[in-house]
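Under our numbering, think of the first position of the sequence shown as 40, with each following residue one higher.
The beta carbon of each residue, even a glycine, is placed where N, CA and C say it ideally should be.
Following: one structure in structure tokens, then a few remarks.
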Amino acid sequence: LITPTLALDPEKAYTVSFQTHGYSQNPGTLNWGQTNFEIAIGNDATQEAMSRVLHSEDFISELAPRTIKTIFVPKQDDCRIGFHLRNNGNDHAAVDNIRVAEYGVATIPGVPGNISAYKDNGTIKVKATVPSVNAKGEKISSVSSIDLFRPGYSTPISKIDNPAVGKEVELT
């Protein structure tokens, strides 16, 4: 599936999100297939023109809708987004509620890396590496904060102000 032409500005960051759900040809069994969903961007409505992968994710197809969302900065000629599903051929998947929205300027810090979570004495702790590049891939010298949010909430449950760029932080 490839979108119609979109007017994307390479000086802005955007989010693309959608919901997917599927079903197996073997309903009622635990024989759900491994699925890979890929979001790519390019300058024409062909698979060959989808020149850059924005997000790739492996998961097991389910009946319940799953939301996939990513942040990206388009290159100068990027104007179409493609959605590509790969599986073992026994499962079917739907793509619904596609949304592309402006997120902010392209100079926002990139996504934290090496994210992991673990339990320590009944407390969940999250480790992550502070971004060292912005959303365009350019080096940055500072990040104002790293915030941890509960899904659906706008107030962080944990926050570290002025973390060192490229260093690991731990949030609880």
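Where residue i falls: helix, strand or coil (DSSP)
i: S171; result: coil
i: F188; result: coil
i: L47; result: coil
i: I137; result: strand
i: E177; result: coil
i: N58; result: Here residue 58 turns out to be Gln, not Asn, going by the sequence shown. If DSSP states are grouped into helix, strand and coil, Q58 belongs with the strands.
i: E213; result: No answer is possible for residue 213: it lies beyond the span of the chain, which begins at 40 and ends at 211.
i: G143; result: strand
i: I196; result: coil
Residue i - containing beta strand (DSSP E), residue span
i: F122; result: R119 to R125
i: T106; result: R105 to F111
i: N153; result: G152 to D159
i: L210; result: E207 to L210
Buried versus exposed, by CB contacts within 10 Å (16 or more), residue i
i: N153; result: exposed
i: I78; result: buried
i: L40; result: exposed
i: T194; result: exposed
i: P113; result: buried
Best match in the options for proximity to residue i [C-alpha to C-alpha]
i: R105; options: T146, A132 and T44; result: A132
i: F122; options: L93, V169 and V204; result: L93
i: C118; options: I80, E50, K164 and T85; result: I80
i: L187; options: G176, L210 and S90; result: L210
i: I137; options: K108, V144, D159 and G161; result: K108
i: A203; options: P148, H60 and A46; result: P148
Contact under 8 Å by Cβ, residue i with residue j
i: A174; j: I163; result: no
i: V134; j: I120; result: no
i: Y142; j: A52; result: yes
i: G205; j: S171; result: yes
i: E96; j: F76; result: yes
i: I185; j: A167; result: yes
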